[in-house]
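Chains as they are written, first to last, in this note's numbering: chain G, 64 to 384; chain P, 7 to 430.
No residue lacks a Cβ here, since even glycine has one placed at the ideal position from N, Cα and C.
These figures come from a predicted structure and were not determined experimentally.
Working notes for the structure below.
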Amino acid sequence: MAELRGPAAPRRHLLSVRDLTREDIERILETARRLAASLDREVKKLPTLRGRTVVHLFYESSTRTLASFELAAKRLSADTMSLRAAGSSVDKGESLKDTALTLAAYDPDVIVVRHPSIGAPQLVARCTDAHVVNAGDGKHQHPTQALLDLYAMEEALGRLEGLHVAVVGDVAHSRVARSLVQALGLVGARSTLIAPPTLLPRGIEALGCDTSTDIADAASADVVYVLRMQRERMAAGEAFVPSLREYRVLYGITPERVRPGQVVMHPGPMNRGIEIDPRVADSGAALVGEQVRAGLVVRMAVLYDVMTVAPSPALVAAGAA
Amino acid sequence: MILFCRNGRSDTLTLEGRVVAPSQRIDEALRISVEDGVITAIEPGSPGSRVIAPAFVDPHVHLRTPGREDEETLRSGTEAAAAGGYCAILAMPNTEPVVDSAAVLRALVERAREEAVIPTGFMAAISKGQRGEELTEMAELVASGAAAFTDDGHPVVSAAVLQRALRYGSIAPRPLALHCEEPSLSRGGHAHEGEIAAELGLGPYPSSAESVMVERDLSLAAAEERPLHVMHLSARESVDSLRRAQAEGIRATAEVTPHHLCLTDDAVRSLDPNVKMNPPLRADADRRALLDALRDGTICAVATDHAPHARHEKDVPFEEAPFGVTGLETAFAALYTRLVLPGALSLETLLERMSAGPARALDLPEPRIEVGARANLVELDLDADWQVTEAGFRSLSANSWLLGETLRGRVARTIADGREVFAL
Numbered sequence: 064m065a066e067l068r069g070p071a072a073p074r075r076h077l078l079s080v081r082d083l084t085r086e087d088i089e090r091i092l093e094t095a096r097r098l099a100a101s102l103d104r105e106v107k108k109l110p111t112l113r114g115r116t117v118v119h120l121f122y123e124s125s126t127r128t129l130a131s132f133e134l135a136a137k138r139l140s141a142d143t144m145s146l147r148a149a150g151s152s153v154d155k156g157e158s159l160k161d162t163a164l165t166l167a168a169y170d171p172d173v174i175v176v177r178h179p180s181i182g183a184p185q186l187v188a189r190c191t192d193a194h195v196v197n198a199g200d201g202k203h204q205h206p207t208q209a210l211l212d213l214y215a216m217e218e219a220l221g222r223l224e225g226l227h228v229a230v231v232g233d234v235a236h237s238r239v240a241r242s243l244v245q246a247l248g249l250v251g252a253r254s255t256l257i258a259p260p261t262l263l264p265r266g267i268e269a270l271g272c273d274t275s276t277d278i279a280d281a282a283s284a285d286v287v288y289v290l291r292m293q294r295e296r297m298a299a300g301e302a303f304v305p306s307l308r309e310y311r312v313l314y315g316i317t318p319e320r321v322r323p324g325q326v327v328m329h330p331g332p333m334n335r336g337i338e339i340d341p342r343v344a345d346s347g348a349a350l351v352g353e354q355v356r357a358g359l360v361v362r363m364a365v366l367y368d369v370m371t372v373a374p375s376p377a378l379v380a381a382g383a384a
Numbered sequence: 007m008i009l010f011c012r013n014g015r016s017d018t019l020t021l022e023g024r025v026v027a028p029s030q031r032i033d034e035a036l037r038i039s040v041e042d043g044v045i046t047a048i049e050p051g052s053p054g055s056r057v058i059a060p061a062f063v064d065p066h067v068h069l070r071t072p073g074r075e076d077e078e079t080l081r082s083g084t085e086a087a088a089a090g091g092y093c094a095i096l097a098m099p100n101t102e103p104v105v106d107s108a109a110v111l112r113a114l115v116e117r118a119r120e121e122a123v124i125p126t127g128f129m130a131a132i133s134k135g136q137r138g139e140e141l142t143e144m145a146e147l148v149a150s151g152a153a154a155f156t157d158d159g160h161p162v163v164s165a166a167v168l169q170r171a172l173r174y175g176s177i178a179p180r181p182l183a184l185h186c187e188e189p190s191l192s193r194g195g196h197a198h199e200g201e202i203a204a205e206l207g208l209g210p211y212p213s214s215a216e217s218v219m220v221e222r223d224l225s226l227a228a229a230e231e232r233p234l235h236v237m238h239l240s241a242r243e244s245v246d247s248l249r250r251a252q253a254e255g256i257r258a259t260a261e262v263t264p265h266h267l268c269l270t271d272d273a274v275r276s277l278d279p280n281v282k283m284n285p286p287l288r289a290d291a292d293r294r295a296l297l298d299a300l301r302d303g304t305i306c307a308v309a310t311d312h313a314p315h316a317r318h319e320k321d322v323p324f325e326e327a328p329f330g331v332t333g334l335e336t337a338f339a340a341l342y343t344r345l346v347l348p349g350a351l352s353l354e355t356l357l358e359r360m361s362a363g364p365a366r367a368l369d370l371p372e373p374r375i376e377v378g379a380r381a382n383l384v385e386l387d388l389d390a391d392w393q394v395t396e397a398g399f400r401s402l403s404a405n406s407w408l409l410g411e412t413l414r415g416r417v418a419r420t421i422a423d424g425r426e427v428f429a430l
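Below, the structure written as structure tokens:
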């Protein structure tokens, strides 16, 4: 594997899928496949990132993302440290910038950031010397989720090029939808966002997708990607749909709405009985478990990739912006 | 009196160069003699390398005083204005406390008499506490020196309150300036509703959040047959409404900021908190509509909406950052570099919209180049290239969208009310 770069070299970040090219995605997925093969061995730890430090800075609750990032760093022999907003100086009103500067004093190689506010990873990238990986910033981006979804799709369907993915649900509040649509576009797959008109942001087609308000348009897709109804991101009294009941009737993914041969994905956590019928969630069509497993190897690949691959000049500029 | 500054000397000096005073149809090489602050002679001179124009008037400045003197003081804000070529500015009342009583206003006037480097006027709030419920004591505020009324930072949500303010304005005869925003449409909004906000996931602040309020306010002005001034326009729909209203004879004036004339929401892709303002940057079609309106006079004034913010308050994720950018020290150079040099706006129009235009809209003394007038002059070096840096600001805040940019055209000297208040 390639030589790790010194600290003076331009830094590579993963703040947004916009930071990636098709070659980047294919390389990361290939690395993930090789790592998956190595994980079949009895001793699962690789020495690749020995002596490197990965800090996880999580300002939002997370189960699978934090767990898989931590395990990914450990499997690559990196030293890891996880900081959750609760129980840290953040509770005492410390700003993100000051927390980032404090962590930067320990000279981490990578800072993995999850934050409820759009632009938080960009701020951390501006004020530290670490490679920054965005593990979700508000409604903006969740690039490693998109990469693991591509990985799981390719494993299940054997290809990405030419696939049609219907993304169904609360698009307005979904960083997963934004990242996934961009990533699918990069690898030559097509996507259609399907949502009630009040949850379909004006101008979202600019991501490079079709939009629809009719669940019937999911029938032709190879993959039905179900989004969680993000109730916590809706301000009190700001109901975007008249009721969850009506939402379920119009857009819920029931067994009748899944065509044989289609696969169903969900980034979790699921609201069973709202956006997804439990019979679908537990069926053979659902790739939910595969997505979680893909999360580990893909995040290992991402950690490896940001530390080893020199960025193209354009990406350095994007990261510095 | 509506403009206040510290008493000082009156200067005796001579300026020579290409004198451009569009509202007086002057564009020739002249020598202007100023004695004891008054223009005493205007004679043929040599064109030299400088342009001399009536100094600028900014109808929309946040001086953050009282309450946030860490962000700006009357001294620092007026020094910044002097460096930007201004001879008069109007300060907004959304301070802590709000300028909604004669007591607060009089205290500010006293401070201005001690600290303000250039003549400064103070707008008072339309409603008590800017809560949009009860009118302030507008007549007493006028008697105490209020230059105009606004709830800037907040819309007057209640149409009934605005109707009353328009009616009551006949016995408190200073302009009414309106921040047009329908809060139920802008709530949670951080960027113009469109492709960029959709892609970035930012809460949308649609053009309609401004234009429905502009439309409502113009309708009320028409019904009450009273004038009004619309602040910081951003959307082409608002421009359309304004143009229609003016054609129908409604006495409405409007202002636009340098950032809305130069930038679009594409700048928001950087997630730099220094391109976050209210109203937000909009699409290029909006920007072009604003520019057209500025050219044809539908919008008669450039206003900076200079909004200083402490560094630590802007050094946060985009979504958490407060709205507002500074602009006093960069307005002319930004517009000269981005619009005049590429041929999108004439120098004459820019100079008019930065001086006579805003002065007339807000009923302020118009800076004029004529014998017997107090000298209010700006000397411009149109060939100078300079870099915008944090260290170069006189303002206490540095939240400029132009940090690091190189601009062409620089204010070389400012004479305000007969005094040289800035020289490079």
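Q. What residues from chain G crowd round Glu411(P), counting only those whose CB sits closer than 8 Å?
A. Sequence index remark: in the second sequence, residue 411(P) carries index 405 (1-based). Those within 8 Å of Glu411(P) in chain G number zero; the least Cβ separation is about 14 Å.
(Q) List, in chain order, every chain G residue whose beta-carbon is nearer than 7 Å to that of Asp321(P). (A) The residue you call residue 321(P) lines up with position 315 of the second sequence. Residues of chain G passing the Cβ test: Lys160.
Q: Can you give me, in chain order, the residues of the region 260-278 of chain G that have a beta carbon less than 7 Å from any beta carbon in chain P?
A: Per Cβ criterion, the list reads Pro264, Arg265, Gly266, Ile267, Ala269, Leu270.
(Q) Quick test of your reading: Ala316(P) and Asp76(P), contact by CB under 8 Å. State the CB separation rounded to the nearest angstrom. (A) Position 310 of the second sequence, counted from the first residue, corresponds to residue 316(P). Position 70 of the second sequence, counted from the first residue, corresponds to residue 76(P). About 6 Å; that satisfies the 8 Å criterion.
Q) Tell me which same chain residues have a C-beta within less than 7 Å of the C-beta of Gly331(G), skipping the five on either side of it? A) Residue 331(G) sits at position 268 when you count from the first residue of the first sequence. Taken in chain order, the residues that qualify are Arg127, Val351.
Q | Buried versus exposed call for Met283(P) [16 or more other C-beta atoms within 10 Å across all chains shown] | A | Working through the second sequence from its first residue, we reach residue 283(P) at position 277. Per the 10 Å Cβ criterion, buried.
Q. Along the chain, where does the alpha helix (DSSP H) that runs through Gly358(G) open and close?
A. For the purposes of this step, residue 358(G) is identified with residue 295 of the first sequence, where counting begins at 1. Start and end: 351-371.
Q: Could you please tell me which residues of the region 318-342 of chain P, in chain order, have their CB closer than 9 Å to any CB of chain G?
A: Result list: His318, Asp321, Val322, Pro323, Phe324, Glu325, Glu326, Ala327.
Q) Taking only beta-carbon atoms, is Leu203(P) less than 9 Å away from chain G? A) Start at 1 with the first residue of the second sequence, and residue 203(P) comes out as number 197. The sequence shown places Ala at residue 203(P), not Leu. At least one chain G Cβ lies under 9 Å of Ala203(P).
Q: Tell me whether Ile202(P) sits in a helix, a strand or coil according to DSSP, three-state version.
A: Here the question's residue 202(P) lines up with position 196 in the second sequence. Of the three classes helix, strand and coil, the one that applies to Ile202(P) here is helix, per DSSP.
Q.
Along the region 194-207 of chain G, where does the CB come closer than 9 Å to a CB of chain P? Name the residues.
A. Those residues of the region 194-207 of chain G that come within reach of chain P (Cβ to Cβ, closer than 9 Å) are Asp200, Gly201, Lys202, His203, Gln204.
Q | Met98(P) in three-state terms, based on DSSP | A | One-based indexing of the second sequence puts residue 98(P) at position 92. Met98(P): coil per DSSP, three-state reduction.
Q: Note down, in chain order, all residues in the region 167-187 of chain G with a beta-carbon under 7 Å from any beta-carbon belonging to chain P.
A: Taking 7 Å as the Cβ-Cβ cut-off against chain P, the residues of the region 167-187 of chain G that qualify are His178, Ser180, Ile181, Gly182, Ala183, Gln185, Leu186.
Q. The alpha helix (DSSP H) with Val245(P) in it runs from where to where?
A. Taking the second sequence and counting its residues from 1, one reaches residue 245(P) at position 239. Per DSSP, Val245(P) belongs to the alpha helix (DSSP H) from 242-253.
**Q.** Cβ-Cβ separation, Gly232(G) to Arg320(G) (assumed contact under 8 Å), whole Å
**A.** In the first sequence, residue 320(G) corresponds to position 257, counting from 1. In the first sequence, residue 232(G) corresponds to position 169, counting from 1. Under the criterion of beta carbons closer than 8 Å, Arg320(G) and Gly232(G) do not qualify as touching, at roughly 13 Å.
Q: For the region 199-231 of chain G, list the alpha helix (DSSP H) runs that are entirely contained and at least 4 residues long, ordered along the chain.
A: Counting only runs of 4 or more, we get 206-220.
Q | Glu121(P): first and last residue of the uninterrupted alpha helix (DSSP H) it sits in | A | Walking along the second sequence from the start, residue 121(P) turns up at place 115. Per DSSP, the continuous alpha helix (DSSP H) segment holding Glu121(P) begins and ends at 108-121.
Q. Terminal residues of the continuous beta strand (DSSP E) containing Leu256(G)?
A. Along the first sequence, one-based indexing puts residue 256(G) at 193. Residue range 253-257 is occupied by the beta strand (DSSP E) that includes Leu256(G).
Q) Ser242(G) lies in the alpha helix (DSSP H); which residues open and close that run? A) For the purposes of this step, residue 242(G) is taken as the residue at position 179 of the first sequence. Per DSSP, the continuous alpha helix (DSSP H) segment holding Ser242(G) begins and ends at 238-249.
(Q) Among Phe10(P), Glu102(P), Asp278(P), Glu231(P), whose alpha-carbon lies nearest the alpha-carbon of Ser150(P)? (A) Locating residue 150(P) in the second sequence gives position 144, counting from the first residue. Nearest C-alpha to Ser150(P): Phe10(P).
**Q.** Buried or exposed by the 16-neighbour rule on C-beta atoms within 10 Å, applied to Pro318(G)
**A.** Within the first sequence, numbered from 1, the residue matching residue 318(G) stands at position 255. Burial is judged here by how many other beta carbons sit within 10 angstroms of a residue's own beta carbon; Pro318(G) has fewer than 16 and is exposed.
Q.
At the 9 Å Cβ level, is Gly194(P) part of the contact set with chain G, yes or no?
A. Position 188 of the second sequence, counting from 1, holds the residue named residue 194(P). For Gly194(P), the answer is yes, since a Cβ of chain G falls inside 9 Å of its Cβ.
(Q) Met129(P) and Leu184(P) - do their beta-carbons sit closer together than 9 Å? (A) Here residue 184(P) refers to the residue found at position 178 when the second sequence is read from its first residue. Here residue 129(P) refers to the residue found at position 123 when the second sequence is read from its first residue. No, Cβ-Cβ distance for Leu184(P) and Met129(P) is not below 9 Å.
Q. Are any of the Cβ atoms in chain P nearer than 9 Å to that of Asp212(G)?
A. On the first sequence, position 149 is the one that residue 212(G) refers to. No, no contact with chain P.
Q: Could you tell me which of Ile337(G), Met328(G), Thr84(G) sits nearest to Glu217(G), measuring between CA atoms?
A: Counting from 1 along the first sequence, the entry for residue 217(G) is found at position 154. Across the set Ile337(G), Met328(G), Thr84(G), the C-alpha of Met328(G) shows the shortest separation from the C-alpha of Glu217(G).
Q) For Ala72(G), does the three-state DSSP call read helix, strand or coil? A) For this step, residue 72(G) is matched to residue 9 along the first sequence. Note that Ala72(G) scores 46 on pLDDT, short of 50, meaning its location in the model is unreliable; the coordinates nonetheless yield the value given after this. Annotated three-state conformation of Ala72(G) is coil, per DSSP.
Q: Sort out for me which residues DSSP pairs Trp392(P) with in a bridge.
A: For the purposes of this step, residue 392(P) is identified with residue 386 of the second sequence, where counting begins at 1. Residue pairing by DSSP places Trp392(P) opposite Leu413(P) in a beta bridge.
Q. Looking at the unbroken beta strand (DSSP E) that takes in His318(P), where does it start and where does it end?
A. Mapped onto the second sequence, residue 318(P) falls at position 312. From DSSP, His318(P) is part of no beta strand (DSSP E) but of the alpha helix (DSSP H) over 317-320.
Q.
Just checking: is the beta-carbon of Pro286(P) within a distance shorter than 9 Å of some beta-carbon in chain G?
A. The sequence position of residue 286(P) within the second sequence is 280, counting from 1. Chain G, which has no Cβ nearer than 9 Å to the Cβ of Pro286(P), makes this no.
Q) DSSP state of Val187(G), grouped into three classes? A) The residue labelled residue 187(G) in the question sits at position 124 within the first sequence. Looking at Val187(G) - three-state DSSP - the assignment turns out to be helix.
**Q.** One or two residues paired with Leu21(P) in a DSSP bridge
**A.** By 1-based counting over the second sequence, the position of residue 21(P) is 15. Its beta-bridge partners are Ile38(P).
**Q.** Chain-ordered chain G contacts of Pro189(P) [CB-CB under 9 Å]
**A.** Taking the first residue of the second sequence as position 1, residue 189(P) is located at position 183. Residues of chain G whose Cβ lies closer than 9 Å to the Cβ of Pro189(P) do not exist, since the nearest Cβ in that chain is about 13 Å away.
Q. Does Arg74(G) get closer than 9 Å to chain P when you measure Cβ to Cβ?
A. Translated into the one-based positions of the first sequence, residue 74(G) becomes position 11. No, no contact with chain P.
Q: Give me the Cα-Cα distance between Gly315(G) and Gly336(G), rounded to the nearest whole angstrom.
A: Indexing the first sequence from 1 puts residue 315(G) at position 252. Indexing the first sequence from 1 puts residue 336(G) at position 273. Taken atom to atom, the span from the alpha-carbon of Gly315(G) to that of Gly336(G) is near 8 Å.
**Q.** Contact residues within the region 227-241 of chain G, judged by C-beta distance below 7 Å to chain P
**A.** Within the region 227-241 of chain G, contact with chain P at the beta-carbon level (separation under 7 Å) is assigned to Arg238, Arg241.
Q: Would you identify the three-state DSSP class for Glu309(G), choosing helix, strand or coil?
A: Translated into positions along the first sequence, residue 309(G) becomes position 246. Residue state, collapsed to three classes: helix.
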